[in-house]
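First up is the structure itself, then whatever we jot down about it.
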Amino acid sequence: MSDPLFEFLCRLGDNTLVLGHRVSEWCGVAPVLEEDIALANVALDLIGQTQLWLGLAGEVEGQGRDADRLAFHRDVWDFRNVLLVEQPNGDFGQTMMRQFLFDSWHLSYLKALMSSSNEQIAAIAEKSVKEVTYHLERSTDTVIGLGDGTEESHDRMQKALDRLYPYVGEMFLSDDVDAAMVAQGIAPDPTTLRPAFDAHLAQVLGEATLTKPADDFAHKGGKTGARHSEHLGHMLTQMQWLQRAYPDATW
Amino acid sequence: MYAQMIKSTGQGVKSLDEMEPEERAFQERINAGGKIEPKDWMPEGYRKNLIRQIGQHAHSEIVGQLPEGNWITRAPTLERKAILLAKVQDEAGHGLYLYCAAETLGVTRDELTRDLLSGKMKYSSIFNYPTLTWADMGAVGWLVDGAAIMNQVPLQRTSYGPYARAMVRICKEESFHQRQGFDIMMKMANGTEAQRKMAQDALNRFWGPALMMFGPSDADSVHSAQSMAWKIKMNSNDELRQKFVDLTAPQAEYLGLTIPDETCKLNPDTGHYDFAQPDWDEFFDVLRGNGPCNTDRLEARNKAWDDGAWVREGLMAHAAKKRAAKLAAE
Ligand SMILES: [Fe+2]
Ligand SMILES: [Fe+2]
Ligand SMILES: [Fe+2]
Chain P
-14 MSDPLFEFLC RLGDNTLVLG HRVSEWCGVA PVLEEDIALA NVALDLIGQT QLWLGLAGEV
46 EGQGRDADRL AFHRDVWDFR NVLLVEQPNG DFGQTMMRQF LFDSWHLSYL KALMSSSNEQ
106 IAAIAEKSVK EVTYHLERST DTVIGLGDGT EESHDRMQKA LDRLYPYVGE MFLSDDVDAA
166 MVAQGIAPDP TTLRPAFDAH LAQVLGEATL TKPADDFAHK GGKTGARHSE HLGHMLTQMQ
226 WLQRAYPDAT W
Chain V
722 MYAQMIKSTG QGVKSLDEME PEERAFQERI NAGGKIEPKD WMPEGYRKNL IRQIGQHAHS
782 EIVGQLPEGN WITRAPTLER KAILLAKVQD EAGHGLYLYC AAETLGVTRD ELTRDLLSGK
842 MKYSSIFNYP TLTWADMGAV GWLVDGAAIM NQVPLQRTSY GPYARAMVRI CKEESFHQRQ
902 GFDIMMKMAN GTEAQRKMAQ DALNRFWGPA LMMFGPSDAD SVHSAQSMAW KIKMNSNDEL
962 RQKFVDLTAP QAEYLGLTIP DETCKLNPDT GHYDFAQPDW DEFFDVLRGN GPCNTDRLEA
1022 RNKAWDDGAW VREGLMAHAA KKRAAKLAAE
């Protein structure tokens, strides 16, 4: 295993990088103008957080790679994001359900990171918490509004939940990297965040008149990099294209 | 500019003597540099004309998201991605302010949107051109936002209050966009051989369409004369085009790029740049729907609107349920 702190920072930065990219795919084609603006806000926050996390990862690694180098010049197996965030946008409902599930985990994880023994991490977390609090408010409202909207919107949101729920579990898995972070007081054990997440989920799904899938099966392999979905490679072909095609250029 | 070929009443401009007292008071207020506000009396032609003009401008901001949105997922660095995304977000915001300004004239955003989607209302011809390389993000900011500013800065003084105020907010952001575009062009023009080639190619493709943004010469147009009397148009198309060339040509030189017009040179006698007219046949083709991207742009907007219908309906249904529940609780 490479330096666990580097791995850990890549996990945080790749989550925001990949999700920020996905959300930015909505640019100009959202259901209403206000959503175009709101989605761009979320994507912008996530890209900004990526710059901080991957910037710090590069510093920790100490091999001269900056955030852009990490974002644009690694291949699929080096990405450490959870599988949830690389899932395709689908319809607006699927996008917002993915956002809600991620935001719920993200906010509680960031709040815990605010008391990290690593000051730089605590500072990035503190800045991010402000942004992600707003993301969660919005995604929660949208999931409730569409779940408890028309019959069609309800059915689409239920489908989105059924489609994405198998990717929730991975966010709460703990492995050697997490154990190393817990040992150094850098980050919480993700498993400890699950009960609060479940309680919040139950409450929101109740208001949204949606039903949590009975099966708690969880796909995994994203945050370890062992096995991403096929979707990530396609995203990278777009995201990294210019950097790869013109490696000697600066932009 | 974002509003092209706006037709007014088609009648000549009336003199003050020919006007009824109401209209005379209205015109005198405009002549004195005063503002007309939504509740004030206004001639029907003024209202209709403004709706067309503001609506077309708003649609341009909205459709204008597409050619730049085309490169967000391929932006070459995180910072460039963030800047471009923020820019496109600004354009959506401009659309929103302008639809709000239009709504004060008694038309809804949904009505205007339907007219855009059906092709009844137009948006600026410039957004029917494709963005083919990253240098186009530079060229669009530099030339397209640059041309828009030429037209919009004077419109900050337009006679209709809500429109003038929207323009003040918009202009601040547009000049920021223009600088960002120029910054991309600088990077490209001073970059590798391939980047320089992209930059020149972008200028070659966008120069003519940028000049067309001001519309054909309107020196003899009755529509323009009326719009100018109403101060919803502040300068002639040719005046603005000349100003744009005078400002842009030295910038191209600074970048080391060549404007695709051999006649474009500073004329020592006039102190202005000479330049060749763009291909007006092409311009009218684009207006008729035959630009390179008209079909794609309208298809994309229609698809976004249709795909979003269930979302809008769902959120409205939920809001109605909440209102009903609140009422029942009272
Ligand atoms: Fe704009
Ligand atoms: Fe614009
Ligand atoms: Fe702009």
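Here the protein sequences come in this chain order: P and V.
In case it helps, the working numbering puts the first sequence at residues -14 to 236.
In case it helps, the working numbering puts the second sequence at residues 722 to 1051.
Even for Gly, the Cβ is constructed at its ideal location relative to N, Cα and C.
Who are the neighbours of V/Trp1031 on chain A, taking C-beta pairs under 9 Å? The structure shown has no chain A; the protein chains it does contain are P and V.
Using a Cβ-Cβ distance under 8 Å, would V/Asp982 count as near chain P? In terms of beta-carbon proximity, V/Asp982 stays away from the interface with chain P, with every pair separated by 8 Å or more.
In terms of DSSP beta bridges, what is V/Asn988 paired with? Beta-bridge pairing links V/Asn988 to V/His993.
Please decide whether P/Asp233 counts as near chain V, where near means a Cβ-Cβ distance under 8 Å. Yes, P/Asp233 counts as interfacial toward chain V.
Going by DSSP, name the residue or residues bridged to V/Tyr881. According to the DSSP secondary-structure assignment, V/Tyr881 is paired through a beta bridge with V/Ile757.
Residues whose Cβ lies closer than 5 Å to any heavy atom of ligand 3, in chain order: Output, sorted by chain position: V/Asp866, V/Glu895 and V/His898.
Helix, strand or coil: how does DSSP classify P/Leu121 here? Here P/Leu121 sits in helix by DSSP.
Strictly under 8 Å for the Cβ-Cβ distance: is P/Asp53 near chain V by that measure? At least one C-beta of chain V is nearer than 8 Å to the C-beta of P/Asp53.
State the Cα-Cα distance for the pair V/Asp1055 and P/Asn74, rounded to the nearest angstrom. With chain V running from 722 to 1051 in the structure shown, residue 1055 of chain V is simply not present.
Counting only C-beta atoms, is V/Thr794 closer than 8 Å to chain P at any point? It does: the Cβ of V/Thr794 has a partner Cβ on chain P nearer than 8 Å.
Please work out which residues of its chain come closer than 6 Å, Cβ to Cβ, to P/Gln84, disregarding the five sequence neighbours upstream and downstream, and give them in chain order. If the five residues before and after P/Gln84 are omitted, its C-beta is found closer than 6 Å to the C-beta atoms of Ser124, all from its own chain and listed in chain order.
Which whole-angstrom value describes the C-beta separation of V/Gln777 and V/Tyr723, a residue pair presumed to lie in contact below a C-beta threshold of 8 Å? About 7 Å separates the beta carbons of V/Gln777 and V/Tyr723, which is inside the 8 Å limit, making them a contact pair.
Which complete alpha helix (DSSP H) runs does the region 20 to 97 of chain P hold, if anything under 4 residues is left out? With a minimum length of 4 residues, the continuous alpha helix (DSSP H) runs that stay inside the region 20 to 97 of chain P are 52 to 57 and 68 to 71.
Name the residue from V/Trp951, V/Asn872 and V/Ala1038 whose alpha carbon lies nearest to the alpha carbon of V/Ala931. Between V/Ala931 and the set V/Trp951, V/Asn872 and V/Ala1038, the nearest pair of CA atoms involves V/Asn872.
Measuring only the C-alpha atoms, how far is V/Gly790 from V/Trp1001? One C-alpha to the other measures close to 27 Å.
Can you list, in chain order, the residues of its chain whose CB lies under 6 Å from that of P/Thr127, leaving out five sequence neighbours each side? The residues are Met81.
Which residues, taken in chain order from the region 35 to 67 of chain P, show a beta carbon closer than 7 Å to some beta carbon of chain V? Residues passing the 7 Å Cβ filter: Thr35, Gln36, Ala52, Asp53 and Ala56.
Which chain V residues sit within Cβ distance under 7 Å of P/His91? By Cβ distance, chain V contributes nothing, its closest Cβ being about 19 Å from P/His91, past 7 Å.
Following a CB-centred definition, is V/Glu812 positioned closer than 7 Å to any heavy atom of ligand 1? Flag set: Cβ of V/Glu812 near ligand 1.
Answer yes or no: the CB of V/Glu789 versus the heavy atoms of ligand 1, is any distance below 7 Å? In this structure, the C-beta of V/Glu789 stays at least 7 Å away from each heavy atom of ligand 1.
Where are the alpha helix (DSSP H) runs, 4 residues long or more, that stay fully inside the region 939 to 965 of chain V, in chain order? If we require 4 residues or more, the alpha helix (DSSP H) runs fully inside the region 939 to 965 of chain V come out as 943 to 950.
Our contact map puts V/Ala856 next to V/Met919 with C-beta atoms below 8 Å; I'd like the distance itself, whole angstroms only. That pair is a contact at about 4 Å.
Would you grab the beta carbon distance between P/Asp174 and P/Ser159 for me? Rounded to a whole angstrom, and I think it's under 8 Å. Going by Cβ atoms, the distance from P/Asp174 to P/Ser159 rounds to 5 Å, so yes, they are a contact pair.
Drop a sphere of 10 angstroms on the beta-carbon of V/Tyr975, count the other beta-carbons inside from all chains shown, and report buried for 16 or more, exposed for fewer. When all chains shown are included, V/Tyr975 counts as exposed.
Could you tell me whether the region 29 to 49 of chain P touches the region 796 to 804 of chain V, using the rule of 3 or more Cβ pairs below 8 Å? Contact between the region 29 to 49 of chain P and the region 796 to 804 of chain V is present, because at least three Cβ pairs lie under 8 Å.
Anything in the region 785 to 813 of chain V with a Cβ closer than 7 Å to a Cβ of chain P? List those residues in chain order, please. Under the 7 Å Cβ criterion, the region 785 to 813 of chain V contributes Gln786, Leu787, Gly790, Ile793, Thr794, Arg795, Pro797, Thr798, Leu799, Arg801, Lys802, Ala803, Leu806, Ala807, Val809, Gln810 and Ala813.
Could you tell me the alpha carbon to alpha carbon distance between V/Lys952 and V/Asp1017, rounded to whole angstroms? Between the alpha carbons of V/Lys952 and V/Asp1017 lies a gap of roughly 35 Å.
Taking V/Asp836 as the reference, give the member of V/Ala1049, V/Trp1026 and V/Gly1035 with the closest Cα. For V/Asp836, the nearest C-alpha among the options comes from V/Trp1026.
Compute the Euclidean distance between the alpha carbons of V/Ala813 and V/Thr979, then round it to the nearest angstrom. Approximately 32 Å, taken between the alpha carbons.
At a Cβ threshold of 8 Å, is V/Ile1039 touching chain P? One point to set straight first is that residue 1039 of chain V is His, not Ile, in the sequence displayed. Yes, its Cβ sits closer than 8 Å to a Cβ of chain P.
Taking one C-beta from the region 887 to 902 of chain V and one from the region 986 to 1004 of chain V each time, how about it: are there three or more such pairs within less than 8 Å? No contact exists between the region 887 to 902 of chain V and the region 986 to 1004 of chain V.
Spatial neighbours of P/Val27 in its chain, beta-carbon cut-off 6 Å, leaving aside the 5 residues before and after: The answer, listed in chain order, is Val8 and His120.
Could you check whether the Cβ of V/Ile891 sits closer than 7 Å to any heavy atom belonging to ligand 1? Correct: V/Ile891 has its Cβ closer than 7 Å to ligand 1.
Is any beta-carbon of chain V found at less than 8 Å from that of P/Ala145? Chain V has no Cβ within less than 8 Å of the Cβ of P/Ala145.
Length-filtered (4 minimum) alpha helix (DSSP H) runs lying within the region 163 to 228 of chain P: Taking only runs of at least 4 residues, the alpha helix (DSSP H) segments lying wholly in the region 163 to 228 of chain P are 179 to 192 and 215 to 224.
So which residues of chain P does V/Asp1028 contact, with C-beta pairs closer than 9 Å? Contact of V/Asp1028 with chain P by beta-carbon distance below 9 Å involves Val14, Pro16, Asp76 and Phe77.
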